[in-house]
Structure formats: structure tokens, C-alpha cells
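Protein chains in written order, with the UniProt record's numbering: chain B, 1 to 248; chain C, 1 to 297. Here a beta-carbon is modelled for each residue, glycine too, at the ideal position from N, C-alpha and C. The structure displayed is predicted, hence computed values, not measured ones. These notes concern the structure reproduced below.
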Amino acid sequence: MLRVLLLIIFLFASINLYAKNPISSPNFDDIRKEIIADEKYVFDDKNILIKVPKFADNPLQVPIFVDAKKIKNAKRLILFADFNPITKIIDMDLEKLLPIVSLNIKVAQETPIRALVLDKNGLWHIGSENIKSFGGGCSVGSLSSLNEELKKLLGKGKISVYKNNTTFKIKSSIFHPMETGLVFGNEEFYINKIRIKTDKNIVLSTIKTYSSISENPRFTFETKEETKNFILELHDTSGNEFLLSSKK
Amino acid sequence: MRVFILIIAFIAVTSAKDFDYNLKAIQLAKNSYYIYGKEEYFSIQNGGDIANVSFIETNKSVILIDTGSSFAYGNQVKRLIEEKTKKPVKHIINTHHHSDHFLGNNAFKNATIYSDKFTAKEIKKNGELYIKNLVALLGETMKGTKIKNVDIILQNDNKDFDGYKLHFFYLKGHTKSDLVIYDKNTNILYASDLVFNNRALATIDANLKEWVNSLNLLKKIDYDICVPGHGKAFKDKTPLDLDIKYLNFLKTTLEYGNKNGLNVFEILDLKVPKEIKNFSMFEEEYERSIINLSNKQ
């Protein structure tokens, strides 16, 4: 009996040891609970690579790159930033996408950024990186929403596909103000859903996006799904739907 | 007790001195000097002393080219000039609208400020924002810094300042409008931020192609000394060639990245020629350049 108890204590201690947050923050646990509730998780910087600038000069456009390819058969990838007023960034269903994404985000101040990747056994792996910045990115109104051409340009975008061995890189950008709604007088207005399809209407992924993503967003996704043409279907909070097709 | 507190408060107030820039004037010709700015980014430690400022003593007055990042800096430039000459600073030329070059303007109450049209407009429009940004970076050092707008818009190739003629080149590339000053009397070229000497180029408002064109034009001038906006003054054309190389490298690297679908971090991992990597501030400026210029593409 004592042995079992000791074993339990030992296991508990070692889980705790593994669970040490590499960048501690007072908000982390609350946000994690909100997103994955009581599901099991481990901190796993070994298998999740997050790249951010050494210093994010322009808090409105901070490029980030997340690569969790080392986690095989990953099911879902969620990104959030602890100290952003809009913490969530993107929530990707990975059924037919690789756990890789690059995009630009806004930051309100220096903040840890987290990548949560769900593996096939139902365990969340969490990668962490710190973004250094003087901030101010979330409370600034969108510049493009002041653009008189907004109506003409809204939803205009492009998509290019790059083949690399067995994977396809889908790179896209679209003109959209991605208004956070945090600035007095500006209502929130942003792309909140992206569906990636093939031209044969096979859905590769449905992705939830949030207004912490920079205006005129640019996304890069990767897939092993072989097709000649990818279509991105982007929806915004005002019910607009935009289509981008790689077909020339 | 109250008296004691008052004394302490008095000492605290009177001993709260301005930031000491410890400026030195480096002589280039009999009547010409420049003050070398540190090859660093804005910090509390350097008080924003990161750009070169030059001055020319004429028969009647002093012409000052750029005024640094703060009121305190401007004041200390004024004091430094007073050590060299009794003549007043009557003319100030702002070469472009970046905050490390014009925020010392208001230390010179009696001077006339000159710039070209675009720079004057930008200072008026965004000056307060520049101060706000630098307060965040430099804090107390920015005390007393206020916008002093441009008084006279330069339009001609030549201008006579109390009998002292200067030649102007209205160029662009580092910003939408960069003023280069050529002094035929001493054969010194004040190249503004179109030239960085072995210091990584700041490209926040740059147009790479136009910048290279401007540098090619400057190369044709047969100057004895060139004072860059950042880095030490020099005599030959090597720094200009290196700057051209750096800008072309940025351009081809971004084009390569774009063509191959690379993200900024993959672009940053590409190999960089050694002489470019050796520039001071390479790490910071290169990353900043790749990120900002990719966003514009």
C-alpha cells in the first residue's frame, strides 16, 4: 500500500515537474481553462517551434510562425497571447492540414504567445515564446478602414501555392480592416472563419480567426493533400463571404 | 520638520539635471564640424543621441544641419557651438522628417528652420506623435521637447545664408524626401540618411529602388569628405558602394522570398554576405527591414 502511495506521489511530482510553465504569467491558467477546460496538457517546447521577431517594432504587424510538425497526427492547433485584450488568435482544425501556420498579429504589450496542439491521444502540447514589444497594437484603429477605397478593395486578395517535396504551402493575403472594436466608435469587423477547400469541394479545414490578427491579413497554411487548385472561403462578422482561388 | 522636507525637495528639484550627452564637435574643415551620433537604437542610456548633426560657421552666423532627438540634445548642441564661436545659430536645416533629426529644433528660439516641402508637412502633421513615441523610449530625457515647425520651404538648388552659399539636392529613397547639402566652399557633402557608414540602413520609410538611384547620383559628386546621417564621416566612395550593395541585397532577398513563398523567418535565415553582416546594428535593422518591407509587398 505504501509503495503504491509513494508511486502515486512520485508520479504526481514528476507530472508537476513536467508541467512547469516556461514563461509564467498570471493569465495563462484562466485562458487555458477557458479554451481546453480540464483536458490533459503538457508544456512541450521541444516539439513546437514558435518564431517571433527579436523585437516587435511595429505592434500592429508582428509576424509569427508556428511549426508543430514533430507532433504526428495532430488534430487541432490553437494560438493565443496571454496579455492581449483579445487573447485568441486562431483555432485550426487539422484534419487535412499540417500543424504549421504563419500570420501577422497585433500585440497590446509584451506578451507570451502560446501554441496548443492536440495529439491523436487527446493530449494537448503547449509551446511558448515571448514577444517583446512596447505594444499598443490592439487599441489602435485600423488604418485601412479610413481608406476611402475600402469598399472597392474589401475582400480583394491573392493566393499562391508552392510545392515542396510532398507538401503544398498555401500563401494568401486579403484586404480587410480586421477592426477589433476596442476603439471607441469603431465596431468590430473582422474575418472570423476561413474554409480551405479543393476545387472538387473537399474541405481540408475550417479555421476560426479572431481580430487579434493584423489588418490586411496574410496566412500561410500547409497540407499534404494533393490537388491542383485550392480555394479559400473567408467569412467576416458582417456576413460577407470572399473567395480566393489558386486557379489561374 | 517642514523646513527640512522643503530643503530636501529643493535639493531634489535642483539636482534633477538634464541628461548629459557629453557631446563633442569633430572638426572637418576650418569652419565645419560634425557631432557623431552613437550607432545604437534609442535608449535611456544614450538619450536618443543616435544621429549625426553638423554645423558650419559663416562670417555672420552658424548654419546647423539637423538638431537631434530632444530639446536637451538641442540645448547641448547650442552650448557646444557657443564654445567654438560667439556667432548665433541663425539657420537650421532639417534634412528629413525622422525624429532623431529634428526634435532638438525648439532649443533654438531665434533660428529660422528650413526644409523641403514634404518634410515640413510631415513635421507639422506627425511631430506630436514622434514626441509621444520617444517619450515611451527615452522618458525624462524628452522633457521640454516641443515641435518647432519649419519656417521656410527650400525649393531652389542654391541658397545664400548671410553670404554663405550652399547647394541642395532634393532626393528620396530613405524617406519620400531626403535633403542632401553640398558645401562647395569646403567640398563637404552632408548626405543626410541617404548614407550610412558601415551601419545597417534604417528602411522604415524606404523605397529601395529610389534609394539606390539617389546613392548612384551622390557617387558622382567629387567631395573631399562625406558626413553620413549615421556612422563616421569618411573620404572615399566605399561606404556608398556598400550601402548600394546592402539595398540591392535586401531587394533581391525579398524578391527571392516572395517567389518561393518563404515567411519572414525563413527569409531571415538566408545567407547574408559577410561585409553586410559586419555593419553595426545589423541584427536589429536587418530583421526590422525584412519584416517591414515584406508587409509592404
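Based on DSSP bridge pairs, tell me the residues matched to C:Ile92. For this step, residue 92 of chain C is matched to residue 92 along the second sequence. Beta-bridge pairing links C:Ile92 to C:Leu64, C:Ile113.
Report buried or exposed for C:Leu166, applying the criterion of at least 16 other Cβ atoms within 10 angstroms of its Cβ. Counting from one through the second sequence, the residue named residue 166 of chain C turns up at place 166. Residue burial annotation: C:Leu166 is buried, with at least 16 other C-beta atoms found within 10 angstroms of its C-beta.
C:Gly48 and C:Phe55 closer than 7 Å at C-beta: For the purposes of this step, residue 48 of chain C is identified with residue 48 of the second sequence, where counting begins at 1. For the purposes of this step, residue 55 of chain C is identified with residue 55 of the second sequence, where counting begins at 1. No, Cβ-Cβ distance for C:Gly48 and C:Phe55 is not below 7 Å.
With a CB to CB cut of under 6 Å and the five nearest residues on each side skipped, what residues in its chain are close to residue 339 of chain C? Beyond the ends of chain C as shown, which are 1 and 297, falls residue 339 of chain C; an answer cannot be given.
In chain C, which residues lie less than 9 Å from B:Phe134 when you measure between Cβ atoms? Position 134 of the first sequence, counted from the first residue, corresponds to residue 134 of chain B. Per Cβ cutoff of 9 Å: Asn133, Ala136, Leu137.
Would you say B:Tyr210 and B:Ile105 are within 7 Å of each other, going by their C-beta atoms? As a working mapping, residue 210 of chain B is identified with position 210 in the first sequence. As a working mapping, residue 105 of chain B is identified with position 105 in the first sequence. Contact flag unset, no.
Could you tell me whether any Cβ in chain B is nearer than 7 Å to the Cβ of C:Arg288? On the second sequence, position 288 is the one that residue 288 of chain C refers to. Output row for C:Arg288: interface = yes.
From C:Gly257 to C:Leu268, what does the alpha carbon distance come to, in whole angstroms? Start at 1 with the first residue of the second sequence, and residue 257 of chain C comes out as number 257. Start at 1 with the first residue of the second sequence, and residue 268 of chain C comes out as number 268. Taking the straight line joining both Cα atoms gives about 10 Å.
Pop quiz: B:Gly157 and B:Phe175 are said to be a contact at Cβ under 8 Å. What is the actual Cβ separation, rounded to whole angstroms? For the purposes of this step, residue 157 of chain B is identified with residue 157 of the first sequence, where counting begins at 1. For the purposes of this step, residue 175 of chain B is identified with residue 175 of the first sequence, where counting begins at 1. About 6 Å separates the CB atoms of B:Gly157 and B:Phe175; that is less than 8 Å, so the two are in contact.
Identify the residues that DSSP records as bridge partners of C:Ser289: which are they? The residue labelled residue 289 of chain C in the question sits at position 289 within the second sequence. Checking the DSSP bridge columns, you'll see C:Ser289 has no partner listed.
Can you tell which of C:His98, C:Asn110, C:Asp100 has its C-alpha closest to the C-alpha of C:His91? The residue you call residue 91 of chain C lines up with position 91 of the second sequence. Looking from the CA of C:His91, the closest CA among C:His98, C:Asn110, C:Asp100 belongs to C:Asn110.
According to the neighbour-count rule (16 or more other Cβ atoms, all chains shown, within 10 Å of its Cβ), is B:Asp119 buried or exposed? Translated into positions along the first sequence, residue 119 of chain B becomes position 119. In this structure B:Asp119 is buried. Its beta-carbon is surrounded by 16 or more other beta-carbon atoms within 10 angstroms.
Residues that DSSP places opposite C:Arg199 in a beta bridge: For the purposes of this step, residue 199 of chain C is identified with residue 199 of the second sequence, where counting begins at 1. Beta-bridge pairing links C:Arg199 to C:Ser280.
Strictly below 9 Å CB to CB, what residues from chain B border C:Asn207? Position 207 of the second sequence holds residue 207 of chain C. The contact set of C:Asn207 on chain B, defined by CB atoms closer than 9 Å, is empty, because the minimum CB distance reaches about 18 Å.
Could you tell me whether any Cβ in chain C is nearer than 7 Å to the Cβ of residue 310 of chain B? The structure shown does not extend to residue 310 of chain B, since chain B spans only 1 to 248, so no value can be given for it.
Across the stretch 192-204 of chain B and the stretch 159-168 of chain B, are there enough close Cβ pairs to call them in contact, namely three or more that are closer than 8 Å? Look at the beta carbons and you see the stretch 192-204 of chain B not touching the stretch 159-168 of chain B: under three pairs across the two are nearer than 8 Å.
How is C:Gln76 classed by DSSP in three states: helix, strand or coil? As a first step, residue 76 of chain C must be located in the second sequence, where it is residue number 76. Reduced to three states, the DSSP call for C:Gln76 is helix.
Cβ separation of C:Thr58 and C:Phe161, assumed to be a contact under 8 Å, to the nearest whole Å: Taking the second sequence and counting its residues from 1, one reaches residue 58 of chain C at position 58. Taking the second sequence and counting its residues from 1, one reaches residue 161 of chain C at position 161. Contact holds; Cβ gap of about 6 Å.
Touching or not, the stretch 124-143 of chain C and the stretch 184-198 of chain C, by the rule of three or more beta carbon pairs under 8 Å? The stretch 124-143 of chain C is not in contact with the stretch 184-198 of chain C.
Mark C:Asn22 as exposed unless 16 or more other C-beta atoms lie within 10 angstroms of its C-beta, in which case mark it buried. Counting from one through the second sequence, the residue named residue 22 of chain C turns up at place 22. By the Cβ-count criterion, C:Asn22 is exposed, with fewer than 16 other Cβ atoms from all chains shown falling within 10 Å of its own Cβ.
Inter-residue spacing [alpha-carbon to alpha-carbon] between C:Asp20 and C:Lys259: Along the second sequence, read from residue 1 onward, the residue named residue 20 of chain C stands at position 20. Along the second sequence, read from residue 1 onward, the residue named residue 259 of chain C stands at position 259. Spanning the alpha carbons of C:Asp20 and C:Lys259 requires a straight line of approximately 49 Å.
What are the residues of the stretch 276-287 of chain C that lie near chain B, defined by any Cβ-Cβ distance shorter than 9 Å? Of all residues in the stretch 276-287 of chain C, those with a C-beta nearer than 9 Å to a C-beta of chain B are Glu283, Glu284, Glu287, reading in chain order.
Could you have a look at B:Leu210 and say whether DSSP puts it in helix, strand or coil? Stepping through the first sequence from its first residue, residue 210 of chain B is reached at position 210. The displayed chain sequence assigns Tyr, not Leu, to residue 210 of chain B. Here B:Tyr210 sits in coil by DSSP.
Does C:Ile291 come within less than 7 Å of chain B when only Cβ atoms are used? Locating residue 291 of chain C in the second sequence gives position 291, counting from the first residue. In terms of beta-carbon proximity, C:Ile291 lines the interface with chain B, with at least one pair separated by less than 7 Å.
Just mark B:Leu243 as buried or exposed, buried being the case when its beta carbon has 16 or more other beta carbons within 10 Å. The sequence position of residue 243 of chain B within the first sequence is 243, counting from 1. B:Leu243 counts as exposed, since fewer than 16 other C-beta atoms from the protein chains shown sit within 10 angstroms of its C-beta.
Could you name the residues of the stretch 254-268 of chain C whose beta carbon sits closer than 7 Å to any beta carbon of chain B, in the order they occur along the chain? For the stretch 254-268 of chain C, which is checked against every Cβ of chain B, the residues closer than 7 Å are Asn260, Gly261, Asn263, Val264, Phe265.
Indicate whether at least one CB of chain C lies closer than 7 Å to the CB of B:Thr223. By 1-based counting over the first sequence, the position of residue 223 of chain B is 223. So, not an interface residue.
From this set, C:Val272, C:Val227, C:Lys237, C:Pro228, which residue's C-alpha is nearest C:Asn248's C-alpha? Taking the first residue of the second sequence as 1, we reach residue 248 of chain C at position 248. Among C:Val272, C:Val227, C:Lys237, C:Pro228, the Cα nearest to that of C:Asn248 is on C:Val272.
Closest to B:Val52 by C-alpha separation, out of B:Glu39, B:Asp44, B:Val101, would be which residue? Within the first sequence, residue 52 of chain B is the residue found at index 52, counting from 1. Of the listed residues, the one whose Cα sits closest to B:Val52 is B:Val101.
Spatial distance of C:Asp151 from C:Ile225 (CA atoms): Working through the second sequence from its first residue, we reach residue 151 of chain C at position 151. Working through the second sequence from its first residue, we reach residue 225 of chain C at position 225. Per the coordinates, the alpha-carbon of C:Asp151 lies some 29 Å from the alpha-carbon of C:Ile225.
Pairwise C-alpha distance: B:Asp57 and C:Pro45: Within the second sequence, residue 45 of chain C is the residue found at index 45, counting from 1. Within the first sequence, residue 57 of chain B is the residue found at index 57, counting from 1. One detail in the question is off: residue 45 of chain C reads as Gln in this sequence, not Pro. Take the alpha-carbon of C:Gln45 and the one of B:Asp57: they are about 19 Å apart.
With C:Thr67 and C:Asn105 assumed to form a contact (beta carbons below 8 Å), what rounded beta-carbon distance in angstroms separates them? As a working note, residue 67 of chain C is residue 67 in the second sequence. As a working note, residue 105 of chain C is residue 105 in the second sequence. Contact holds; Cβ gap of about 5 Å.
Measuring only from the beta carbon, is B:Lys169 closer than 6 Å to any heavy atom that is part of the ligand NAP? The ligand NAP is not part of this structure, which contains no ligands at all.
Under 9 Å from the C-beta of C:Asn46: neighbouring residues of chain B: On the second sequence, residue 46 of chain C is found 46 positions in, with the first residue counted as 1. C:Asn46 does not reach chain B, its nearest Cβ partner there being about 16 Å away, counting only Cβ pairs nearer than 9 Å.
Consider the Cβ of C:Asn126: report whether some Cβ of chain B lies at a distance smaller than 7 Å. As a first step, residue 126 of chain C must be located in the second sequence, where it is residue number 126. No, because no Cβ of chain B sits closer than 7 Å to the Cβ of C:Asn126.
Please classify C:Thr252: is it buried, with 16 or more other beta-carbons within 10 angstroms of its beta-carbon, or exposed? Along the second sequence, read from residue 1 onward, the residue named residue 252 of chain C stands at position 252. By the C-beta density criterion, C:Thr252 is exposed, having fewer than 16 other C-beta atoms within 10 angstroms.
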